[in-house]
Structure formats: C-alpha cells, structure tokens
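Peer 1: Listed in order, the protein sequences are those of chains D and U. Residue numbering for the first sequence is 547 to 826, as defined by our numbering. Residue numbering for the second sequence is 311 to 607, as defined by our numbering. Every residue, glycine too, gets a C-beta built ideally from N, C-alpha and C. The structure that follows is given in the form of structure tokens.
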Amino acid sequence: MKRKLEEQFFKFLMILCTLSISGILLMIIWTITSKGAGSLTWDIVSKIPEGGFYIGKGGGILNAIIGSIYITIGATILGLLVSIPVVLYINVYAKKNSWLATTTRLTSDILFGIPSIVYGAFGFTIMIYFGLKTSLLAGTITVTLLVIPILVRTMDEVFRVVPEDIGNAVYSLGGTRWETAKIMIRQCVPGIITAILLSFGRAIGDAACVLFTAGYTDSIPTSLDQPTATLPLAIFFQLSSPIEEVQNRAYAAALILTIIVLIISFTAKYFSKKLSKNKI
Amino acid sequence: MKNLRLTIDKITGNVFLIFTLLATVTVILIGAGLYYKSAPILHSNSLSSLLLSAEWKPFKSSFGFLSYIAGTLSITAIAIIIALPISLLTGIYLSEYAHAKVKRALLPPIDLLSGIPPVIYGVWGVLIIVPFVQEKIAVHFVEFSSGYSTLAGGIVLAIMIIPLIISILLEVFSTIPDGLREASLSVGATKWETIKFVVLKKSMPGIIAAVVLAISRAFGETIAVLMVCGNIPEIPHSIFDSCYPLPALIANNYGEMLSVPMYESALMLAAFILFIIIFLFNAISRIILYRLERSSN
C-alpha cells in the first residue's frame, strides 16, 4: 500500500511540474502582451526615434527592428556559407565516425555552450585587432560566430539520419562525393530550413553579443561600417530609463520581439514536422 | 567530362575540409584571443589576489574578482536547486508515464520556452519575479529588500535552464533499454520503483552531464540576470541581497573599458575565466553523453 501511495504522490508532483512549465510559458507571454499591447502603436514600428525620444517624446524603434533584421539575415547567410560545407564534409566526404568528424561534432557542441557574452568579448577583441569600430559589420561577424555551432549541430542531426543507401546508390552509378552531397542537400531541405529558423531566433534575440560590437544609434545604418541599433538592446536601454513613457516603449518592443520569436518557432516546428513525414 | 567531375569533387573536398578545420579551430582561437588580451593583468597581479580578493578598485589597479565569482556561484546554485527537481520530475513524467498524445501536447511549450530571448526573461523578471520576491517572500525574512536580489536572479535563471535540462534528460532516458525496465517490472517492482532503482540509477552519468551543462549555461547567462540581480559588487550574505555576477560585470562596463589602464584586460580576464570553466564543463558532459549514446546503439 505504501509503495502505491508513494507512486501516486510522485506522479502528482510530476504532473504538477509538467503543467507549471506550460503555465510559466503562458504567464510570460501574458505578462509581455498585457504590458506591451497598450503602448504598441503604428508609430513605434514605423518611425525612427525623433528628438527627445529618450525623454518620452515621439518616434519609434524602426531603427532597432531594421538593425536586428540586417544583423540576423547577414549572420545567418554567412553562417550557412561556413556550416553547410562543414556538415557536408563530416557526413559525405569524411569516413563515417572518423576522428575529424567526431572532433568537429564535439567542438560544435562545446561552442554551442559558450555564452554569448564570451563571443561578444571575443568579437570585440577581433574588432580592435583589425581596427574596426562598433559597426554593422562587427556585429554581424560576432553573431555569425554565435550561430555557426547552432547551424552545424542542427543540420548535422538531419544529415546523419539520411540512409546510407542513398549515397551507395549514387556511388554505384558512378557518381562522385560532390554529386552525392547535392542529393543529400535536396533530401535535407526541411532540416536546413529548421536550422536557419533556429539560428534566426537565437540571433535576433541575443543582446550580449551585439552589446560590444554593433553599438547603438538612432538612425538606420546605410553601410556596413556604421553602428546599428538592435531590438534586444532597445528593450534593455529603454527599460533602464526612469521615464514611464520610455519604459512603456520597452514593453512594446519586448512584445514585438516576442511575436517575432514565436512566429519563427512555430514555422520551425512546421518544417521539422514536415521533415519527419519525409523520413524514409 | 569525366576529369572535370573528378576535379570538382576534389576541389570541393579540399575546400570543405578547410572550412571544417577552421570551424574546429575557432574554439582554440577564442581561448587564445581572450588569453592574449588578459595576459597584461595576469602578469601584473598574482592569480590568487585576482581570484581571492574582493577589492575592486580599477583606479587603484586592484582587481579582486571574489565578489563577482561569489555572485555567479550563488545565483547558479539557487537556479540549479530550483530547476533540477522540477526538470527531473517533468522529464520522468514525459518519458515514462505520459502517453504519446500527452507528450506531443506538452513538448512544444518546453521548446518555445527555450526559444524565448534572454532579454524577454529579463523584462518578465523585472515585472513579476522582482516584485514577487520583494513583497511576498523577502518581507517574511528580512527588514528590507528591493527585490533585485540573488534569489530573483536564481529564479529567472532556473526557468531559463529548465528546458535545457529536460531536453537532455529525455535523450538520456531514451538510451535506457526497455529490457531493463521490463526485467524490473517482471520481478514485481512497481513502475515508480523501476524508475527509482533502474532508470534513474542507470541514467546517473547522463543526469550529472545534464546538470553540468545547465551549470555552465547558468554561469554565462548575461542580460536576463543582469536585469534582476541588482548589480552591487559585494559578496551576497543572504539570498535577498543584491549580487553582481561575472557576465554582468563584463556587460555593464564595456563602454568605459578603454579609458582606465588594465581595466580592459581585467574584463577580458573575466571573459577568459568564464570561457575556460564553461569549455571544460561542456567538454566533460558532452563526452559523457557521447559515451551513453554509443553504448545504447
């Protein structure tokens, strides 16, 4: 009897914990929505800061939205240019479970765990070394470093489960490794899209990385060497203001960022579901 | 034509190899870059004075990291104490008890939680957790707390690391062969006894790896913690005191970094310390997890 009771007790606790996690998610979304919705106006998403913006006067955070999108897209494209070759090499070119493949997987797992503030500090070091100033370019490069491990890890998981027979079929017809690689890419498109969306989500929400490297400005950057504002920093800076209007705008900005991230997450879910349907 | 195809194959092979090597070497580059930048302060101050002194006076070139290290350790400890039981119970429920349908419904919120940006956790922490700590918890224990405290930092951090721990635990539990569970059930153990004496025991290395990974995630979390923990550079004496973790130190001072001699070097040393600890923790736990995965295949 006692052991049944113990099981019931723990099962109750388990269900409680599981439900409270969903509860916390809803609570976060609810808090951000109810706080931000009131101040979310068309001006905020369509205008750049006007004079006196930081004492509560007119304008919006278009500069930060555009800046974040620039950095995120730039970093994801640069990241893909590096990570697709890496993933293809360890899955198609290198021998299965070779030393290099294992080391690369381990390293990207470790790099995935390195916090963004460390990337930020490292990016700052590179920036100083090459004599760059805080700029769109420096920010993009630093965020690229941050997303490469995410891209490599996520895509590798998809490429790894492609049946070996596909490669063998290509080789038996006299195909080369490069031709196999092209077929593998086609096979893994939904996985690649999921990886891109994950990296997008991480890059757009990250503040510590761009804090040192991208700077902050009230205008929309027109070239790579200009500093740029980003959404997370817009939230962070405005929230620390003592003026209520400015704080309210921080909540609105937080709501915008949350909506963007949720859309990205749901789209990623959709594509990974599609992927599991494609499985042979 | 045949030659062209083989040439393309060879060229792509070599180029891809170079990219792979580059991606792997990045981790060494980051370590070397940060060490190079923190070398000046390591030469002028002894390591023990840097790590064991709490005196932080950049203008007198005394850089004691102790209060920052204490801040980081205390919020991490709080976060793990809160997050581990919750994640373990949820992980066990999802992997051992929940039906496939229930699991499908409950996994997406955990994924979504892990996708929410740190700064949003920070805003939420300021709006909900800080007042909650100040009005509901601290009043019973201390005379005054602003709410911006070690405890608030720990709670926010706990919520951020829960999805990470759960996702690793689910992977670990799935490596335990069903045969072991069935053997235990067949000799009359209840499901809960099977979990306690077989599943949990067998997954101990994986659970430890998950905790170590969570600790290293907690060490490095910056913005969310910075927004709720108060940032007063003193060793916190109670969980209602403010604290000042290492990443917050780096993030808060990047602007003035260059004007004070050695200051930049000191901040880079902070980043280097974080890097080394997190690198080791990650490497150890990943190797444990790789072994588990391989032994189950």
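(1) Please report the residue range of the alpha helix (DSSP H) in which D/Gln-554 lies.
(2) Verify whether the separation of the beta carbon atoms of U/Leu-416 and D/Ser-568 is less than 8 Å.
(3) Please give the ranges of any alpha helix (DSSP H) in the stretch 446–511 of chain U, keeping only runs that are unbroken, at least 4 residues long and fully inside the region.
(4) Let me know the secondary structure DSSP gives D/Cys-734 once reduced to three states.
(5) State the beta-bridge partners of U/Lys-367 as determined by DSSP.
(6) Can you grab the Cα-Cα spacing for the pair D/Ile-575 / D/Ile-810, in whole Å?
(7) Identify each residue in the stretch 548–560 of chain D for which the Cβ-Cβ distance to at least one residue of chain U is less than 8 Å, and report them in chain order.
(8) Less than 8 Å between the beta carbons of U/Gly-581 and D/Ala-667, yes or no?
(9) Quick one, which residues of the stretch 580–599 of chain U are near chain D if we go by CB-CB under 7 Å, in chain order?
(10) What does a CB cutoff of less than 6 Å around U/Ala-380 pick up in its chain, not counting 5 residues either side in sequence?
(11) For the stretch 385–401 of chain U, list every residue whose C-beta sits within 7 Å of some C-beta in chain D, in sequence order.
(12) Bridge partners for U/Gly-290 per DSSP, in chain order?
(13) Mind listing the chain U neighbours of D/Ile-611? Cutoff is C-beta to C-beta under 9 Å, in chain order.
(14) If contacts are defined as beta-carbon pairs under 8 Å, then U/Val-443 and U/Leu-461 qualify, I think. What distance do you get, rounded to the angstrom?
(15) Grab the span of the alpha helix (DSSP H) containing U/Glu-574 for me, first residue to last.
(16) Is it the case that the stretch 636–656 of chain D contacts the stretch 583–593 of chain D, given that we only count it when at least three CB pairs across the two stretches are under 8 Å?
(17) Going by alpha carbons, who is nearest to U/His-409 out of D/Val-693, D/Ile-615, D/Ile-561?
(18) Alpha carbon to alpha carbon, how far is U/Ile-318 from D/Tyr-635?
(19) Less than 8 Å between the beta carbons of D/Val-913 and U/Pro-427, yes or no?
(20) Given D/Asp-702, which residues of its chain have a CB within under 6 Å of its CB, disregarding the five upstream and five downstream residues?
(21) Just the chain U side, please: which residues come within less than 7 Å of D/Gly-747 by C-beta, in chain order?
(22) Compare the C-alpha of U/Ser-552 against each of U/Ile-390, U/Tyr-564, U/Val-538, U/Ile-338 and name the closest.
(23) Is DSSP giving U/His-409 helix, strand or coil here?
(24) Report the residue from D/Pro-788, D/Ala-647, D/Ala-780, D/Lys-641 whose alpha carbon sits nearest the alpha carbon of D/Ile-750.
(25) For the alpha helix (DSSP H) containing D/Ala-610, name the first residue and the last one.
(26) From D/Thr-722 to D/Met-730, what does the alpha carbon distance come to, in whole angstroms?
(27) Using beta carbons (cut-off 8 Å, strictly below), is U/Leu-602 in contact with chain D?
(28) Is D/Pro-595 helix, strand or coil when you go by DSSP?
(29) Determine contact between the stretch 598–616 of chain D and the stretch 766–778 of chain D, defined as no fewer than three beta-carbon pairs at a distance below 8 Å.
(30) Could you work out which residues of chain D lie near U/Arg-491, taking near to mean beta carbons separated by less than 9 Å?
(31) Please list, in chain order, the residues of the stretch 639–664 of chain D that have any C-beta partner in chain U closer than 9 Å.
(32) In chain order, what residues of the same chain lie with their CB nearer than 6 Å to the CB of U/Ile-478, ignoring the 5 residues before and after it?
(33) Any contact between the stretch 764–774 of chain D and the stretch 638–650 of chain D? By contact I mean 3 or more CB pairs, one from each, below 8 Å.
(34) Which bits of chain D does U/Ala-561 rub up against, with CB to CB less than 9 Å?
(35) Figure out for me which residue from U/Thr-330, U/Ser-595, U/Thr-532, U/Ile-402 has the closest Cα to the Cα of U/Met-470.
(36) Quick check on D/Lys-641: buried or exposed, where buried means 16 or more other Cβ atoms within 10 Å of its Cβ?
Peer 2: Put simply:
(1) 548–583
(2) yes
(3) When DSSP assignments are scanned along the stretch 446–511 of chain U, the uninterrupted stretches of alpha helix (DSSP H) that are 4 or more residues long and fall wholly within it turn out to be 460–484, 488–496, 501–504.
(4) Shown here, D/Cys-734 sits in coil according to DSSP, grouped into three states, outside any helix or strand.
(5) U/Ser-372
(6) 15 Å
(7) Of all residues in the stretch 548–560 of chain D, Arg-549, Lys-550, Glu-552, Glu-553, Phe-556, Lys-557, Leu-559, Met-560 have a Cβ within less than 8 Å of some Cβ in chain U.
(8) According to the sequence shown, residue 581 of chain U is Ala rather than Gly. Cβ distance < 8 Å, so U/Ala-581 and D/Ala-667 count as in contact.
(9) Ala-581, Leu-584, Phe-585, Ile-588, Phe-589, Asn-592, Ala-593, Arg-596
(10) Within the same chain, U/Ala-380 has close Cβ partners Ile-545.
(11) Ile-396, Leu-399, Thr-400
(12) Outside the shown range of chain U, which is 311 to 607, sits residue 290 of chain U, and nothing can be said about it.
(13) Simply none; closest approach about 14 Å.
(14) 5 Å
(15) 573–606
(16) no
(17) D/Ile-561
(18) 14 Å
(19) Outside the shown range of chain D, which is 547 to 826, sits residue 913 of chain D, and nothing can be said about it.
(20) Val-633
(21) Identification of chain U residues near D/Gly-747 by a Cβ-Cβ cut-off of 7 Å yields Gly-425, ordered along the chain.
(22) U/Val-538
(23) coil
(24) D/Ala-780
(25) 608–634
(26) When rounded, the distance between both Cα atoms is 12 Å.
(27) no
(28) coil
(29) yes
(30) Chain D residues near U/Arg-491: none, gap ~15 Å exceeds 9 Å.
(31) Tyr-639, Ala-640, Leu-646, Ala-647, Thr-648, Thr-649, Thr-650, Arg-651, Leu-652, Thr-653, Ser-654, Asp-655, Ile-656, Leu-657, Phe-658, Gly-659, Ile-660, Pro-661, Ser-662, Ile-663, Val-664
(32) Ala-520
(33) no
(34) Ile-663, Gly-666, Ala-753, Ala-754, Leu-757, Phe-758
(35) U/Thr-532
(36) exposed
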